[in-house]
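A.B. asks: Residue numbers (the numbering used here): 13 to 542. All C-beta atoms in this analysis are idealised placements derived from N, C-alpha and C, irrespective of residue type, glycine included.
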């Protein structure tokens, strides 16, 4: 029963894998906690002992769950510090969000102007606010009445501030229903707060926000932020909140189970247990191999199939994107509810590769997409090939390094490796077949390039061409100039910098001089193990 656990009985009630997730995450964060300040130190080694807000709130949730010694007192200290740092001037665009670090100057001051996603982050209203709600739902008996009132007051500010957000093409206001993860969080934050405060307008707004997301999802039963090992995990988090903490008359509670089911249907088709990776394409990624960077989806896998099978290092804090390990308490608290929403046949099939198969679906993310994107992925024993056709209205979305429209992953015999198309064109046509990937640019010309970000390899440190790539034979054809331009992105040298923390080889093909037509490249693939 939410709010009824005492003296760490909550932790004992968790399944072994979930308890391991919570315990390891908390023991890691314990080493960063500054009790004098009432905040976590920033996890980055480049922050000179400054502190950080969002991770501190997730840690506070974990303290309440663990409830040992002074945990509850420290949690309340963090909560009150974070609320004291919330921006509470309604005329400010950043009204209702929270300081990113307690050391920063006042946002909007002369030397520290307000910049969305820079000096302030609108999504932090939702990350922090939803976690406060979890505290109220799960551990309210541990919080004193003054802290509870402060949380509710803070949620009011966050909810009203969230109402300032909207989407407008051609401006910095990008909050469309296709921005899946914060939209789903905002709907929950607004709907829950409206009901708790008996504010009918808030409650109605939350339902309206949710309906916009639901309508878009129902077009193809896919999230607009499709197949992101990080942000699919955040969207699942918010959908679980919909299902767990809202009454059945809410449109959110009604639709959350089917949305989670459909999302996991896609994930299960794209998840390769042998490679411990979600196959491409990825709309937004923070890495190229889930064995080396920590994704939120890996944390959701942990209670379902165990830490090792989830693609996590034995010491997750050593991985890239290690700060997302701070999600551990959040995932642990919601793990049972999450598991109850996943069809049994899907959950039972996550540990063993289902065999060679091709998966296809559609994704729609207006206003960025002129047409729905067609996604196709082929998975076999030791290889995945995934790509998506797109035609983007907003070119800036295309050139972001987190957008990976064509991805190949394979087992070299020693490790999992990857190659991915670097985004450079507003539209892409793809043809994915077993052992073959064809890519073409419908709006391309003689200046078009096909650039592939190719992994580094422990067994072959120096690469001169495809013939040196371990474990995979790649035969290149098409109407390209066959001359390969090769460069290296290294931490200590090379002509390029690492991307998303990964060093890589850059394979580039250009078009013949004076080319006229549709630029096309064909990759014929074959696994080779020495």
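1. Would residue 533 and residue 475 qualify as a contact pair, given that the criterion is a beta-carbon distance under 9 Å?
2. Determine contact between the region 370-379 and the region 330-345, defined as no fewer than three beta-carbon pairs at a distance below 8 Å.
3. Measuring CB to CB, does residue 263 end up less than 9 Å from residue 226?
4. Determine the contact status of residue 254 and residue 317, defining contact as a CB-CB distance below 9 Å.
5. Sorted by chain position, which residues of the same chain lie with C-beta nearer than 7 Å to residue 168's C-beta, five sequence neighbours on each side aside?
6. Is it right to say residue 159 is buried, meaning 16 or more other beta carbons lie within 10 angstroms of its own, or is it exposed?
7. Name the residue from 524, 455, 364 and 432 whose alpha carbon lies nearest to the alpha carbon of residue 6.
8. Given residue 274, which residues of its chain have a CB within under 6 Å of its CB, disregarding the five upstream and five downstream residues?
9. Kindly indicate which three-state DSSP category residue 536 falls into: helix, strand or coil?
10. Between residue 281 and the rest of its own chain, which residues show a CB-CB distance below 6 Å, the 5 nearest in sequence each way excluded?
11. Does residue 83 pass the burial test, meaning 16 or more other C-beta atoms within 10 Å, or should it be called exposed?
12. Beta strand (DSSP E) containing residue 424: first to last residue?
13. Mapping DSSP to helix, strand and coil, what is residue 437?
14. Please go through the region 44-96 and give each complete alpha helix (DSSP H) segment of 4 or more residues, from N-terminal end onward.
15. According to DSSP, is residue 443 helix, strand or coil?
16. Taking Cβ positions, are residue 324 and residue 399 nearer each other than 9 Å?
17. Where residue 242 and residue 299 are concerned, what is the direct C-alpha to C-alpha distance, given to the nearest angstrom?
18. What residue from 379, 508 and 447 has the CA that sits closest to residue 485's CA?
19. Quick check: residue 76 and residue 343, are their CB atoms within less than 9 Å of each other?
20. For residue 89 and residue 498, what's the separation of their Cα atoms in angstroms?
21. Does the Cβ-Cβ distance between residue 130 and residue 104 come in under 9 Å?
22. Rounding to the nearest angstrom, what Cα-Cα distance links residue 137 and residue 517 in this structure?
23. Is the beta carbon of residue 541 less than 9 Å from the beta carbon of residue 424?
24. Taking just the CA atoms, how far does residue 230 sit from residue 420?
25. Between 487, 531 and 468, which has its C-alpha nearest residue 506's C-alpha?
26. Going along the chain, which residues of its own chain have a beta-carbon closer than 6 Å to the beta-carbon of residue 320, five neighbours each way excluded?
27. State the DSSP-derived secondary structure class of residue 452, mapped to helix, strand or coil.
28. Would you give the residue range spanned by the alpha helix (DSSP H) that residue 22 belongs to?
29. For residue 382 and residue 405, I'd like the C-alpha separation in whole angstroms.
30. Tell me which residues share the same chain as residue 13 and place their Cβ nearer than 6 Å to its Cβ, disregarding the 5 neighbours each side in the sequence.
31. Could you give the uninterrupted runs of the alpha helix (DSSP H) lying entirely in the region 331-414, keeping only those of 4 residues or more?
32. Please go through the same chain and pick out, in chain order, the residues whose beta-carbon is closer than 6 Å to the beta-carbon of residue 430, but skip the five residues on each side of it.
33. Compare the beta carbon distance of residue 194 and residue 135 with 9 Å and say whether it is the shorter of the two.
34. Let me know the secondary structure DSSP gives residue 15 once reduced to three states.
35. How far does the beta strand (DSSP E) with residue 497 in it reach, from first residue to last?
36. If you follow the beta strand (DSSP E) that residue 201 is in, where does it begin and where does it stop?
C.D. replies: Once the coordinates are examined:
1. Taking the chain shown and counting its residues from 1, the one referred to as residue 533 is at position 521. Taking the chain shown and counting its residues from 1, the one referred to as residue 475 is at position 463. Cβ atoms of residue 533 and residue 475: not closer than 9 Å.
2. These segments do not touch.
3. Numbered from its first residue, the chain shown carries residue 263 at position 251. Numbered from its first residue, the chain shown carries residue 226 at position 214. Against a cut-off of 9 Å, the Cβ pair of residue 226 and residue 263 comes out as a contact.
4. To locate residue 254, count along the chain shown from 1; it is residue 242. To locate residue 317, count along the chain shown from 1; it is residue 305. Result no, Cβ atoms of residue 254 and residue 317 do not sit closer than 9 Å.
5. Your numbering for residue 168 matches position 156 in the chain shown. If we look at residue 168 and ignore the five residues flanking it on each side, its Cβ neighbours are 205 and 209.
6. On the chain shown, residue 159 is found 147 positions in, with the first residue counted as 1. Under the 10 Å beta carbon count, residue 159 is surrounded by 16 or more other beta carbons and is classified as buried.
7. The shown model of the chain, from 13 to 542, leaves out residue 6, and the question about it has no answer.
8. The sequence position of residue 274 within the chain shown is 262, counting from 1. Residues 233 of the same chain have their beta carbon placed closer than 6 Å to that of residue 274, with the five preceding and five following residues left out of the count.
9. Taking the chain shown and counting its residues from 1, the one referred to as residue 536 is at position 524. It is a strand residue.
10. Translated into the one-based positions of the chain shown, residue 281 becomes position 269. Closer than 6 Å at Cβ, skipping near neighbours: 371.
11. Working through the chain shown from its first residue, we reach residue 83 at position 71. Residue environment for residue 83: buried (at least 16 other C-beta atoms within 10 angstroms of its C-beta).
12. Within the chain shown, the letter at position 412 stands for residue 424. Counting along the chain, residue 424 falls outside any beta strand (DSSP E), and DSSP gives it neither H nor E.
13. Locating residue 437 in the chain shown gives position 425, counting from the first residue. In the structure shown, residue 437 sits in coil (DSSP, three-state: anything other than H, G, I, E or B).
14. Those alpha helix (DSSP H) runs which fall completely within the region 44-96 and span 4+ residues are 66-78 and 83-96.
15. Stepping through the chain shown from its first residue, residue 443 is reached at position 431. Here residue 443 sits in strand by DSSP.
16. As a first step, residue 324 is located in the chain shown; it is residue number 312 there, counting from the start. As a first step, residue 399 is located in the chain shown; it is residue number 387 there, counting from the start. Against a cut-off of 9 Å, the Cβ pair of residue 399 and residue 324 comes out as no contact.
17. Position 230 of the chain shown, counted from the first residue, corresponds to residue 242. Position 287 of the chain shown, counted from the first residue, corresponds to residue 299. Using only the alpha carbons, I get a separation of about 9 Å.
18. Here the question's residue 485 lines up with position 473 in the chain shown. Distances from the CA of residue 485 to each of 379, 508 and 447 were compared; the closest alpha carbon is that of 447.
19. Within the chain shown, the letter at position 64 stands for residue 76. Within the chain shown, the letter at position 331 stands for residue 343. No. Outside cutoff.
20. What you label residue 89 is simply residue 77 of the chain shown in a count that begins at 1. What you label residue 498 is simply residue 486 of the chain shown in a count that begins at 1. Here the alpha carbons of residue 498 and residue 89 stand approximately 54 Å from one another.
21. Here residue 130 refers to the residue found at position 118 when the chain shown is read from its first residue. Here residue 104 refers to the residue found at position 92 when the chain shown is read from its first residue. Going by C-beta atoms, residue 130 is not nearer than 9 Å to residue 104.
22. Within the chain shown, the letter at position 125 stands for residue 137. Within the chain shown, the letter at position 505 stands for residue 517. Spanning the two alpha carbons is a distance of roughly 39 Å.
23. Position 529 of the chain shown, counted from the first residue, corresponds to residue 541. Position 412 of the chain shown, counted from the first residue, corresponds to residue 424. It is a contact, given that the beta carbons lie within the stated cut-off.
24. Here residue 420 corresponds to residue number 408 of the chain shown, with the count starting at 1. Here residue 230 corresponds to residue number 218 of the chain shown, with the count starting at 1. About 29 Å.
25. If you number the chain shown from 1, residue 506 lands on position 494. For residue 506, the nearest C-alpha among the options comes from 468.
26. In the chain shown, counting from the first residue as 1, residue 320 sits at position 308. Taken in chain order, the list of residues that qualify is empty.
27. As a working note, residue 452 is residue 440 in the chain shown. The three-state reading of DSSP puts residue 452 in strand, counting E and B together.
28. As a first step, residue 22 is located in the chain shown; it is residue number 10 there, counting from the start. Here the alpha helix (DSSP H) through residue 22 covers 21-25.
29. Walking along the chain shown from the start, residue 382 turns up at place 370. Walking along the chain shown from the start, residue 405 turns up at place 393. Distance between the alpha carbons of residue 382 and residue 405 is about 6 Å.
30. If you number the chain shown from 1, residue 13 lands on position 1. Note on residue 13: pLDDT 38, under 50, position unreliable in the model; the coordinate value appears next. Non-local beta-carbon contacts of residue 13 in its own chain, meaning distances under 6 Å to residues more than five positions away in sequence, are absent.
31. If one requires a minimum length of 4 residues, the alpha helix (DSSP H) runs lying completely within the region 331-414 are 340-353, 356-360 and 407-410, in chain order.
32. As a position in the chain shown, residue 430 is number 418, starting the count at 1. So the list reads 300, 301, 421 and 467, once near-sequence residues are dropped.
33. Within the chain shown, residue 194 is the residue found at index 182, counting from 1. Within the chain shown, residue 135 is the residue found at index 123, counting from 1. At the C-beta level, residue 194 and residue 135 come within 9 Å of one another.
34. Taking the first residue of the chain shown as position 1, residue 15 is located at position 3. Any reading at residue 15 must be qualified, since the residue scores a pLDDT of 48, below 50, and its modelled position is unreliable; the value itself is stated next. Secondary structure at residue 15: coil, using DSSP grouped into helix, strand and coil.
35. Locating residue 497 in the chain shown gives position 485, counting from the first residue. Counting along the chain, the beta strand (DSSP E) containing residue 497 begins and ends at 497-501.
36. Here residue 201 refers to the residue found at position 189 of the chain shown. First-last for residue 201: 192-208, but that is the alpha helix (DSSP H), not the beta strand (DSSP E).
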